[in-house]
């Protein structure tokens with residue numbers, strides 16, 4: 002979480018020195034950076050929280066585990082199941098979300 006906050010502070014500092022130019026129906030507008038950055042950051046935070054609130058169970062050994070966010074972000078998923086490796090038995094396959 003500390004790394005996330007450090008990245009967020011760094012990005013806010015970098016963006017505070019800029020402004021965005023938005024083209025909307027053949028008109029050009031100068032908008033502050035936070036008008037663009039805040040909705041994008043909210044989407045990422047909501048997505049992170051939605052992914053990290055779930056736990057998974059291995060169908061082979063029945064171990065309940067919670068994978069890290071970077072493991073979940075790029076995994077194949079289908080109907081509440083994700084292909085992942087069980088930390089207990091090492092089986093790789095579809096694990097059911099609880």
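In my numbering, the protein residues as written are 2 to 99.
Just so you know, even glycine gets a beta-carbon here, dropped at the ideal spot from N, CA and C.
It should be emphasised that the depicted structure is a prediction, and the values quoted were computed from it without experimental measurement.
Same chain, Cβ closer than 6 Å to residue i, neighbours up to 5 away in sequence not counted
| i | result |
| --- | --- |
| residue 90 | 61 and 62 |
Cβ-based burial, residue i [other Cβ within 10 Å; buried from 16]
| i | result |
| --- | --- |
| residue 8 | exposed |
| residue 30 | exposed |
| residue 68 | buried |
| residue 83 | buried |
Cα-Cα separation, residue i to residue j
| i | j | result |
| --- | --- | --- |
| residue 38 | residue 46 | 12 Å |
| residue 11 | residue 44 | 18 Å |
| residue 93 | residue 6 | 33 Å |
| residue 34 | residue 75 | 29 Å |
| residue 23 | residue 41 | 15 Å |
| residue 55 | residue 3 | 22 Å |
Sequence-distant residues of the same chain with beta carbon closer than 8 Å to residue i, five excluded per side
| i | result |
| --- | --- |
| residue 79 | 95 |
| residue 64 | 58, 87, 88, 89 and 90 |
| residue 97 | 57, 58, 60, 81 and 82 |
| residue 99 | 55, 56, 57, 58 and 65 |
Nearest-angstrom beta carbon gap, residue j and residue i [assumed within contact, 8 Å]
| i | j | result |
| --- | --- | --- |
| residue 53 | residue 72 | Their Cβ separation, rounded to whole angstroms, is 11 Å, which puts residue 53 and residue 72 out of contact at 8 Å. |
| residue 57 | residue 70 | Between residue 70 and residue 57 the Cβ distance is about 13 Å, and since that is not below 8 Å, they are no contact. |
Secondary structure, beta strand (DSSP E): runs of 3+ residues fully inside the region 7 to 53: 20 to 25 and 28 to 33
4 or more residues per run - each alpha helix (DSSP H) lying fully within the region 64 to 88: 70 to 74
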